[in-house]
Structures are given as structure tokens and as C-alpha cells.
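Here's the structure, in C-alpha cells; my notes come after.
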């Protein structure tokens, strides 16, 4: 058979190749794990980013709604003021008209007799 030294050497070689294979497998496993961890982290970061964005959108939406509500209220107040102003203007106009009519009627009442007298004198 083969010399004992050869057998020992062959055993060692087999052991060495096995060790190398094991080391390679371990390295591969580590690389895979690292890749997985990286992917997980990326996914988490993306999720956090998306969440932050949605929060920003919600905040902006709330702000816009508040602004719109305020604007609506302001517009309503403006309209109410304008209405009141118009009402007052109309009232003033009506009052002036009424006053004019009153004065005219008074004049007529007072002047009617005079006019009649004048007409009488003329005739």
C-alpha cells in the first residue's frame, strides 16, 4: 500500500480543502447576511421617508384648510359689511327723498293759499 507519510499528507490535503470550502461557505453566508441587513435598512429608511412625507402632506393640508376657512370667514364678513353699507346708503337716500317730499308738501300747503290769492288778484 501507500506509505504512511503519503496517507497523512493526503489526509491533510483533504482537510485543508475542506477547511477552505468551509471558510468560503462562511464568507458567502456573511456576505449574504450583510446584503440582507443592508436591504432591510434601506427598506426601513424608505418607509420612514414615506411616513415623514405623508406627515408633511397632512400638515400642509391642515394648514391650507385652516387658511381657506379663515379666508371664507373674512369674505363673509366683507360681504356683511358691504350689505350693511348698502342698507345704510339706501336708508339715507330714502330719508333724503322723504325729507324733500315733506318740504315740498309743506311748501305746497303753505303756498297753495298764496297762489290762490295771487290768481284771485290777477283775475
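In the working numbering, the protein residues as written are 1146 to 1268.
Just so you know, even glycine gets a beta-carbon here, dropped at the ideal spot from N, CA and C.
Coarse secondary structure for residue i, derived from DSSP in three states
i, result
"residue 1148", "coil"
C-alpha distance - residue i paired with residue j, whole-angstrom precision
i, j, result
"residue 1192", "residue 1185", "11 Å"
"residue 1172", "residue 1151", "31 Å"
"residue 1219", "residue 1229", "15 Å"
"residue 1250", "residue 1237", "20 Å"
"residue 1148", "residue 1166", "27 Å"
"residue 1164", "residue 1187", "34 Å"
"residue 1201", "residue 1183", "27 Å"
"residue 1234", "residue 1256", "32 Å"
"residue 1174", "residue 1210", "54 Å"
"residue 1223", "residue 1245", "33 Å"
Inset, instruction - Can you check the region 1199–1248 for any beta strand (DSSP E) of at least 3 residues that lies completely inside it and give the ranges in chain order? - result: none
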